[in-house]
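If you read the sequence shown in the working numbering, its first letter stands for residue 471, the second for the next number, and so on. Every residue, glycine too, gets a C-beta built ideally from N, C-alpha and C.
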Amino acid sequence: MSHIKIAGQDVGQYERESGSRCQYTSALWNTLQYSSDGFFIVEVELSESAAPHKEATSVTPPNFRLVKVNPACRSILSMSRDCQIGNHLNECLPEALANEIVSNLCRCFYQRQEIIWKTSFSYPQQILLRLTPEFSSDGNIRQIVGLCQNLTKQQPAKTEIYLLQSITQACAVAEDFESALSVVLRHCCEATGWDYGEAWIQNNNGEIECSKAWYGSPHCLSSLQKISQELNFPLGIHIPERVWLTKQPEFYRHVSSEIETSFLRFGFRCALAIPILANDTVVATLVFFMFEVGKEERQMVELVSTAVAQLGNLIQRKQVEAALKESQRKLAHLIDSLPGIAFACAKEPEWTMIYISEGCYNLTGYKSEELIGYSRNVFYNFLTHSEDLPHVIAAIEKAIALKQSYVVEYRIHTKDGKEKWLWEKGIFVTNKKGEILGIEGFIIDISERKITEEFLKYRSEFEKTIATISTQFINLKSEEVEEGIKQALQRIGSFYKVERSYLSLSKEEQIIMYEWRAPEIEAQKYDIGEMKSKIAVPVIYQESLVGYIGIESVQADKKLPEEAIALLKIIGEICVSTLERKRNEEELKQAKEKYQSIFENAVEGIFQTTPDGHYLTANPMLARIYGYDSPAELINSITDIQKQLYVDPQRRSQFMQILQQQDAVWDFESEIYRKDGSKIWISENARAIRNKEGKLLGYEGTVVDITKRKKAESDLQKRDNLLQGVARAMNHLLTNPNQRAAVIEALATLGAATGVDRICIYENDYHTGNSKMTENLQIEWVREGIAPTKEPQRWHDLASGKAGMKKWYDILASGQTVGGMTPEFPNEIRQLLEAEGIVSILTVPILVNNQFKGYIGFEDCRNPRKWQESEESILMAMAASIGGALQRYQQEELIRYQALHDRLTGLPNRQLLDERLPKAIAGCRRRGNQLAIAFLDLDHFKIINDTLGHVVGDRLLQIAAQRLRSCLREDDTIVRWGGDEFILLLPHLNSAEDAAHIAQRILDVLQPAFEIDGHRLYVTSSIGIALYPRDGTDAETLMKNADMALYRAKERGRNNYQLYSSIVPI
């Protein structure tokens, strides 16, 4: 029992049991909120090293967490404004005061006694502090209550304090609401001198009535109380009702002004009515009377009002407690009347029972007090059957894991040793954090239900055994009959819990014994005299005795039920009938075995289908061909052959049309879908099935997978096409003298033969700038509708590019092909291929004299393909031929170049001029424009050549040729005619001025000095020009006239040009 005092006087008391606050704590604390004395409560938090009952010398002191604090305490101790409930106390106080109070809290905790001292932490204020420990039921200190008083400001209103203390203390221990009201009336009257007091409350009809609580100093006034109790007033008419509505006290100096004549008869003169409020709600009205006419003393009214104002919540709490007690009484009576156990258990320790209803005694033989509490003598788990306890624990643990309720059935042993079956349902009790604190639930006796269930289970098992064995034998195959008999005997033995069951049959003077024995007697033999229990039943088949069926108990006496005879008779007949069926089936099996073997083991698929596209039968081979695991799966999966099986649905229609016309079809080839969506080719042979009237019933036939054959045919056709294409391409290479044109024709032929979309020839070359090996696109063939290579330069740096490209180059350089589908390549190459729209590629190296000269790329841009090794071999040979053709072309081009060009200057020679001039004249004739022939001589070149030598002269010719080339247009031709003579072919001229402009540029470009081997040389030129068609319409005439114009230029002092038309009148 703990006490709370105000100004040194007890104002309330409460008990703590199992660490929980008593039922009056809340009301008391509400009262203390208005006290001028400071109160606080702290909760003790022990650290791992802290230990109660010891001084804090070598251990970590506990922490003190704030649980309650009233306003006066916050003011007296100067607590910080942000101090909250739940903070450590030392965090809320000034540092000096915090250390002092925490030190004394530790003394209180370790010395386990009250600590009182005075302190002056803020001059001149002097404070008295008292620390009182609270002990739990286990003797440990869980909380410490603190009182602090400001000794410098004691309130003088001792009467108010006394009245409040006495009323609070008396109400706290009052048994019920009426008693609490009586206590209030008595103390108020005694403290203030009123002669009579009564309390008015509201009934269920909303009317105000006088309660049983009253007080009167003269005992004769009890009759007045009886009169008051007989009165009921609507709200707002009389004194109690008006105060109830206004919620304000009312003082009457003389009650003669009121209509309550009863008060006058008893001689009352003065009255005071005060409401009792709880949360701004009136819970009662107190009315006090005095025999003398009084003067309204505001201090007295305030005294009573102040005292009563603090009691609203407490009085209301008493009302609620009274209703709660009545509800709890009814609930407890109801629970104790139930045919079962209501229980509650705490999680720690070990799910201890903390409540068990009175139904426990009838169910278990134990009283509830024998099974609950921490000091109980009998644990509830000890009652649980040892075989069922793990099951119960597992059910609870599973429910905890899933955070849900549980239901479990188990057996217990009652106090007198009987076994009962119980049904239990439990619901977990949790705190706000969801942590499980315990279990509440209900337990009922289901023993009778279990007995009924066991009987029904036996009947069900009996019938089920007959049904199962009967069904089992109906569905048994012939080869499974003997094993089925053994299983039936085992089922009978297990059903009756005997060690042996048997079926003994006689056939042709032989005894055939079928037997089942329990494992523990497998190796033992017993005589009939050693059997404890035995039943044997004759087996009759076709009115003849064929044997016996029986069961035997070897190890213990068993009372075998009479139903066992009927069961054995039935099972015996079933077994014999099944054996006879087995014999008939074996004969039938032999007859069907040949056909069935052919059907099951055929290397061809065999089928029967309906006209609407369902499979009726299918053998395993057909299922394998179509990719199904079994014929049953095939039959169930394909319900529309036309739509689900054939790639081209029209093939089914054609198949049915042929059968409709001819009743048979042979070698009907179609492409079909397998189960996984892949495609294969099949060949079908089938016939129509008709009834006697000729009506079509369906189709039956065989299926052969011809995919490999089709693929081989396709590959062979591709190979033939490729070989033919290669042959035609080779023919182009051999017969076409223009090797480049021959290669282009060969690529077109290969494109048609292979079906690719692009063929590109890349040739190795050295970059002129950095001497690196590059791959340059030389020739490309593109199928119609396919774009040519967008960026050939992407492949220039194949030899020196990224790692993946370099590897590609190395493979090709080693003489091997590189190919595949685009997604299979490394990222850098895949990006190049995707940029060109390539979905698959094959690159074949071009080897000339075992040297890697380049490669041919066969590119697919629409449909990816996988090349065959034979195709790659053929293309390798073709690439070698193309390489040879390209080499010959290059050699021929070199020879032709050398034949048509001057070896010293690299300029075209006379032979090339002879080829180009007639073509240029023909072109001008078609277009109607002009061309010019210009003869050019280097002036005084012979002097330089003779004086400085041929080396200087040759170098001068080379530099002059370069300067002359720089003056010409792309279509112009400059030819070294011989020595220092040059001829210019200038096509596409619009007038003579165009030729004159070019001639002037030549004169200008030769003006700068030539720096050769330390010599500064100056050379000029003389130029003669003849125009087509004005100066001639054929090559010979133009050449002759240009030469004449040249002589005229020399005659005129050299270093000039002359037009033939200017020297010869037209």
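Status (buried if at least 16 other CB within 10 Å, exposed otherwise) for residue i
i: residue 1412; result: exposed
i: residue 1258; result: exposed
i: residue 1044; result: buried
i: residue 588; result: exposed
i: residue 1131; result: exposed
i: residue 852; result: exposed
i: residue 1179; result: exposed
i: residue 1136; result: exposed
i: residue 1502; result: buried
i: residue 1037; result: buried
i: residue 1441; result: exposed
i: residue 1369; result: exposed
i: residue 1068; result: exposed
i: residue 1147; result: exposed
C-alpha gap between residue i and residue j, whole angstroms
i: residue 1245; j: residue 1127; result: 60 Å
i: residue 836; j: residue 884; result: 8 Å
i: residue 746; j: residue 638; result: 14 Å
i: residue 1233; j: residue 1402; result: 39 Å
i: residue 1462; j: residue 1531; result: 9 Å
i: residue 778; j: residue 870; result: 50 Å
i: residue 1470; j: residue 1261; result: 42 Å
i: residue 1220; j: residue 1449; result: 50 Å
i: residue 1393; j: residue 1226; result: 39 Å
i: residue 878; j: residue 929; result: 25 Å
i: residue 1331; j: residue 1252; result: 11 Å
i: residue 1175; j: residue 1184; result: 15 Å
i: residue 974; j: residue 1026; result: 24 Å
i: residue 729; j: residue 586; result: For residue 729, the predicted model reports a pLDDT of 49, less than 50, meaning its position is unreliable and no value from the coordinates is stated.
i: residue 544; j: residue 902; result: 29 Å
i: residue 1230; j: residue 1397; result: 36 Å
i: residue 606; j: residue 662; result: 40 Å
i: residue 989; j: residue 1022; result: 14 Å
i: residue 1365; j: residue 1249; result: 21 Å
i: residue 627; j: residue 674; result: The pLDDT assigned to residue 627 is 49, lower than 50, so where the model puts this residue is not dependable; a value taken from the coordinates is nonetheless given after this. Each residue's Cα considered, the two are about 40 Å apart.
Under 8 Å between C-beta atoms of residue i and residue j
i: residue 1492; j: residue 1516; result: yes
i: residue 1472; j: residue 1425; result: no
i: residue 1431; j: residue 1487; result: no
i: residue 1523; j: residue 1512; result: no
i: residue 1247; j: residue 1287; result: no
i: residue 1141; j: residue 1149; result: yes
i: residue 1302; j: residue 1353; result: no
i: residue 515; j: residue 532; result: yes
i: residue 814; j: residue 910; result: yes
i: residue 895; j: residue 917; result: no
i: residue 1114; j: residue 1122; result: no
Cβ-Cβ separation, residue j to residue i (assumed contact under 8 Å), whole Å
i: residue 882; j: residue 834; result: 7 Å
i: residue 684; j: residue 755; result: Not really, about 13 Å apart at Cβ, beyond 8 Å.
i: residue 678; j: residue 719; result: Residue 678 to residue 719, Cβ: 16 Å. No contact.
i: residue 1010; j: residue 1020; result: About 15 Å separates the two Cβ atoms, so there is no contact after all.
i: residue 536; j: residue 555; result: 6 Å
i: residue 680; j: residue 758; result: Residue 680 to residue 758, Cβ: 14 Å. No contact.
i: residue 579; j: residue 611; result: 6 Å
Sequence-distant residues of the same chain with beta carbon closer than 8 Å to residue i, five excluded per side
i: residue 961; result: 935, 938 and 939
i: residue 1172; result: 1072, 1074, 1075, 1076, 1077, 1154, 1155 and 1156
i: residue 1526; result: 1473, 1492, 1493 and 1519
Beta-carbon contacts of residue i that lie in its chain and below 7 Å, excluding the five residues immediately before and after
i: residue 1105; result: 1085 and 1088
i: residue 1008; result: 1015 and 1018
i: residue 1218; result: 1251
i: residue 1351; result: 1200 and 1203
i: residue 1375; result: 1427, 1428, 1431 and 1446
Cutoff 6 Å; reference residue i; Cβ partners in own chain excluding five residues on either side
i: residue 1345; result: 1314
Interface flag, residue i vs chain B, CB-CB below 8 Å
i: residue 1397; result: Included in the structure is just one protein chain, with no chain B present.
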